[in-house]
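>
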Amino acid sequence: MTLDSHGKLALVEVIVYIPIGLFCIYNNIRHGFRRDAGWIYLTIFTIIKIAGSIMTMEIENGKDQNLTTTAAILNTVALSPLLNASLSFLNVGLNKSRSFTRHIATALKPLHLLIIFGLILSVSGGISRTKTSQNSLDDGARELQAASGVFALTWVLMALACFIYMANIYQVQRSAKRLIVSVTLAMPLLCIRIVYSGLNAINLDTSSSTGHTAKFNPVTGDWRIYLALGLVPEFGVVLLYTICGIINSLSKAKDTAPEYEGIESP
Numbered sequence: 001m002t003l004d005s006h007g008k009l010a011l012v013e014v015i016v017y018i019p020i021g022l023f024c025i026y027n028n029i030r031h032g033f034r035r036d037a038g039w040i041y042l043t044i045f046t047i048i049k050i051a052g053s054i055m056t057m058e059i060e061n062g063k064d065q066n067l068t069t070t071a072a073i074l075n076t077v078a079l080s081p082l083l084n085a086s087l088s089f090l091n092v093g094l095n096k097s098r099s100f101t102r103h104i105a106t107a108l109k110p111l112h113l114l115i116i117f118g119l120i121l122s123v124s125g126g127i128s129r130t131k132t133s134q135n136s137l138d139d140g141a142r143e144l145q146a147a148s149g150v151f152a153l154t155w156v157l158m159a160l161a162c163f164i165y166m167a168n169i170y171q172v173q174r175s176a177k178r179l180i181v182s183v184t185l186a187m188p189l190l191c192i193r194i195v196y197s198g199l200n201a202i203n204l205d206t207s208s209s210t211g212h213t214a215k216f217n218p219v220t221g222d223w224r225i226y227l228a229l230g231l232v233p234e235f236g237v238v239l240l241y242t243i244c245g246i247i248n249s250l251s252k253a254k255d256t257a258p259e260y261e262g263i264e265s266p
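According to full-length UniProt numbering, the residues represented by the sequence shown are 1 to 266, in order.
(1) Let me know the secondary structure DSSP gives V219 once reduced to three states.
(2) For a test of the three-state rule: what should DSSP assign to R98, helix, strand or coil?
(3) One question on the structure: do R178 and G230 come within less than 8 Å of each other, judged by their Cβ atoms?
(4) Near R98, which residues of its chain fall below 6 Å by C-beta distance, leaving aside the five closest residues on each side in sequence?
(5) Measure how close the beta-carbons of F45 and A78 come, nearest whole angstrom, since I'm counting them as under 8 Å.
(6) Find out if the Cβ-Cβ distance for the pair L82, H112 is shorter than 8 Å.
(7) Here's the rule I'm using: 16 or more other beta-carbon atoms within 10 Å means buried, otherwise exposed. How should G7 be labelled?
(8) Less than 8 Å between the C-beta atoms of Y226 and L90, yes or no?
(9) When the Cα of I243 is compared with those of S133, N27 and T2, which residue comes out closest?
(10) For a quick check, are the C-beta atoms of Y41 and A71 less than 8 Å apart?
(11) Bridge partners of V150, per DSSP?
(12) Rounding to the nearest angstrom, what Cα-Cα distance links I54 and T69 in this structure?
(13) Can you name, in chain order, every residue of its own chain whose Cβ lies under 6 Å from the Cβ of S5, other than the five neighbours on each side?
(14) Here's the rule I'm using: 16 or more other beta-carbon atoms within 10 Å means buried, otherwise exposed. How should Q134 be labelled?
(15) Taking Cβ to Cβ, would you say W155 is nearer than 8 Å to L190?
(16) Using a 10 Å radius around the Cβ and a threshold of 16 neighbouring Cβ atoms, would you call P188 buried or exposed?
(17) Which word fits P19, buried or exposed, when buried means at least 16 other C-beta atoms lie within 10 angstroms of its C-beta?
(18) Do the CB positions of A146 and L204 come within less than 8 Å of each other?
(19) Return yes when the Cβ of G126 is within less than 8 Å of the Cβ of I73, no when it is not.
(20) Buried or exposed: where does Y170 fall if 16 or more other Cβ atoms within 10 Å of its Cβ makes it buried?
(21) Hey, would you say S136 sits closer than 8 Å to S128, going by beta carbons?
(22) Can you give the Cα-Cα distance for T206 and N75, rounded to whole angstroms?
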């Protein structure tokens, strides 16, 4: 098997995400599939990344060049479960039952629908870009650009929620506090990843705008840009959540699952 730089990065992703995915499955079983949806979303993210990476390696081996578009779509789609996981970890159990931050947690739940809307736009746009008609190509570019806008809006609202939670961190249970801090630390990395997705979307050629660079394409573009703006930020986010999950799992009983009230799947 001969792999270029993109293929080697894909191999690294497979090696890293398989054990992380298994750890996420363990947390799903331990905390309950309805009780702690963050780990469910993170499991979905790892599955998508593993599938996309395998496709990239298959492309490098010349087995099926038609997988290029599918792999690119999966790379864009992966943002949705990663954002959903981050959003789920923000909705935590609080020590003070009348705390106004409970209302913030409730207000965050509809953002899952916004992320799903971005997911739909990503899939629809990616499919449209596989067609040959110019109208479909133009529609696909607009949908992918709109998806990036939706993800950016979600990030802004989540960043605001992080600020509010951090300002009232003393009201949060210890295990939940770790998750909030982890998400807050992950926000800059998520921002970089969203910007990368947006740069790819706005550089798609359309009938009214041609000659754009293809270096932001996650599969066929510049691997160094993908490494810096795509792979490393995603690794950083997942690593933060995984470390937090391990610490919570090893903590005393009062800091583990019985106290934690993760957001339920919508």
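Just so you know, even glycine gets a beta-carbon here, dropped at the ideal spot from N, CA and C.
Walking through what the data contain:
(1) coil
(2) At R98 the pLDDT is 49, less than 50, meaning the model places this residue with poor confidence; the figure from the coordinates comes in the next sentence. DSSP places R98 in coil when its eight states are reduced to three.
(3) no
(4) Only weak support exists for where R98 lies, its pLDDT of 49 falling under 50; the coordinates are left without a value.
(5) 6 Å
(6) no
(7) buried
(8) no
(9) N27
(10) no
(11) Partner(s): none; V150 has no beta bridge.
(12) 13 Å
(13) W223
(14) exposed
(15) yes
(16) exposed
(17) exposed
(18) no
(19) yes
(20) exposed
(21) yes
(22) 21 Å
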